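J.: To start, I am sharing the structure in question, which I have written as structure tokens.
There are 2 protein chains.
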Amino acid sequence: MIIRTLKEIRQSDRNVKSKGWESARLLLEDDAMGFSFHVTTMRAGSELKMHYKNHLESVMVLKGTGTIEDLATGETHDLKPGVLYALNENDEHIVRCETDILTACVFNPPVTGAEVHGEDGAYPAARPHVSAGSA
Amino acid sequence: MIIRTLKEIRQSDRNVKSKGWESARLLLEDDAMGFSFHVTTMRAGSELKMHYKNHLESVMVLKGTGTIEDLATGETHDLKPGVLYALNENDEHIVRCETDILTACVFNPPVTGAEVHGEDGAYPAARPHVSAGSA
Chain A
3 MIIRTLKEIR QSDRNVKSKG WESARLLLED DAMGFSFHVT TMRAGSELKM
53 HYKNHLESVM VLKGTGTIED LATGETHDLK PGVLYALNEN DEHIVRCETD
103 ILTACVFNPP VTGAEVHGED GAYPAARPHV SAGSA
Chain B
3 MIIRTLKEIR QSDRNVKSKG WESARLLLED DAMGFSFHVT TMRAGSELKM
53 HYKNHLESVM VLKGTGTIED LATGETHDLK PGVLYALNEN DEHIVRCETD
103 ILTACVFNPP VTGAEVHGED GAYPAARPHV SAGSA
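In structure tokens form, the structure reads like this:
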């Protein structure tokens with residue numbers, strides 16, 4: 003059994019800050035749960051364009067308000083406590099934060115913690131993908 | 003992109019109530035995320051013995067207080083907002099609720115929504131497990 007606290011993770015190297023967001027990674031790939039679990043804050047006033055080409059992600063809003071734009075459809079949805087969005091098609095999207103938005107996020111496959119967002123807004127795959135047609 | 007609200011799930015058949023707990027399943031197996039995501043409330047005064055033999059589960063406490071006992075080690079840990087426990091070894095455990103405890107739970111493999119807790123405190127596997135030695 004793993005027991006962790008948000009407080010201890012925030013004081014560790016599992017807490018990552020970047021422009022417009024901060025993420026406390028409570029579970030990463032090396033915890034062998036098959037997913038990673040993060041408590042992520044997106045900062046008031048930020049406009050975050052993201053495209054996780056190699057991961058599926060679900061995000062539950064715990065606090066705060068803003069919007070999410072689905073770039074495939076052009077639709078915009080309100081974000082507020084109790085709203086969940088799931089990027090089941092690796093959906094390219096923009097989150098716009100009216101206030102700080104506190105979220106609980108799950109990634110599959112799990113994030114290793116070593117990724118950085120590429121210029122394309124994606125995390126690289128944890129391992130090279132092998133297509134069905136390759137040797 | 004999937005957009006769901008806790009309010010709509012609570013009014014649907016994805017909200018399940020049982021003795022001592024209630025669970026709103028925002029993501030289930032048929033959402034094809036590779037995990038399921040539930041907002042679960044364990045009721046004040048409840049003592050819940052659980053053993054998910056076929057699933058790994060992580061639980062983040064959002065509100066409320068209680069304890070979790072790891073039956074393999076006999077250790078007891080406090081539960082309060084910001085504490086996460088992960089049953090990375092299918093750990094048999096007892097949660098004792100001082101107050102209602104509101105949690106965000108992730109299951110791998112995802113729950114289908116059709117499971118019931120067996121007498122052994124487990125959910126059945128979503129699909130029959132095939133051991134490495136079987137034909």
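So the sequences go chain by chain: A and B.
Counting in our numbering, the first sequence runs from 3 upward without gaps.
Counting in our numbering, the second sequence runs from 3 upward without gaps.
We put the beta carbon where it would ideally sit given N, CA and C, even for glycine.
Keep in mind the model is a prediction, meaning the values are calculated, not measured.
Which residues mark the beginning and the end of the alpha helix (DSSP H) in which K21 (chain A) is found?
T.: Within the first sequence, numbered from 1, the residue matching residue 21 (chain A) stands at position 19. Careful: K21 (chain A) lies outside any alpha helix (DSSP H) and carries neither H nor E.
J.: By Cβ distance, which residues of its chain are closer than 7 Å to D72 (chain B), with the 5 residues on each side in sequence left out?
T.: Counting from 1 along the second sequence, the entry for residue 72 (chain B) is found at position 70. Cβ within range, chain order: D93 and H95.
J.: May I ask which residues mark the beginning and end of the beta strand (DSSP E) holding E71 (chain B)?
T.: One-based indexing of the second sequence puts residue 71 (chain B) at position 69. It spans G68 to D72 - the beta strand (DSSP E) in which E71 (chain B) sits, taken as one unbroken run.
J.: Looking at the unbroken beta strand (DSSP E) that takes in K141 (chain A), where does it start and where does it end?
T.: In the structure as shown, chain A begins at 3 and stops at 137. Residue 141 (chain A) is therefore absent and cannot be evaluated.
J.: Can you tell me whether G47 (chain A) is buried or exposed? The criterion is at least 16 other CB atoms within 10 Å of its CB, across all chains shown.
T.: The residue given as residue 47 (chain A) occupies position 45 in the first sequence. Burial call: exposed.
J.: Using the rule of at least 16 other Cβ atoms within 10 Å of the residue's Cβ for burial, across every protein chain shown, is D33 (chain B) buried or exposed?
T.: As a first step, residue 33 (chain B) is located in the second sequence; it is residue number 31 there, counting from the start. When all chains shown are included, D33 (chain B) counts as buried.
J.: List the residues that DSSP assigns as beta-bridge partners of K51 (chain A).
T.: Mapped onto the first sequence, residue 51 (chain A) falls at position 49. Per DSSP, A:I96.
J.: Going by DSSP, which residues form a beta bridge with R12 (chain A)?
T.: Here the question's residue 12 (chain A) lines up with position 10 in the first sequence. Paired residues: none, contrary to the question.
J.: Using a Cβ-Cβ cut-off of less than 8 Å, give me the residues of the segment 38-69 of chain B that come near chain D, in sequence order.
T.: Among the protein chains in the structure shown, which are A and B, there is no chain D.
J.: Any beta carbon of chain A sitting closer than 8 Å to that of K21 (chain B)?
T.: Working through the second sequence from its first residue, we reach residue 21 (chain B) at position 19. No, no contact with chain A.
J.: Please report the straight-line C-alpha distance between K55 (chain A) and G76 (chain B), rounded to a whole angstrom.
T.: Within the first sequence, the letter at position 53 stands for residue 55 (chain A). Within the second sequence, the letter at position 74 stands for residue 76 (chain B). Between K55 (chain A) and G76 (chain B), the C-alpha separation is close to 43 Å.
J.: With a threshold of 7 Å (Cβ to nearest heavy atom), would S20 (chain A) be considered close to the ligand FMN?
T.: Although the ligand FMN was asked about, the structure shown includes no ligands whatsoever.
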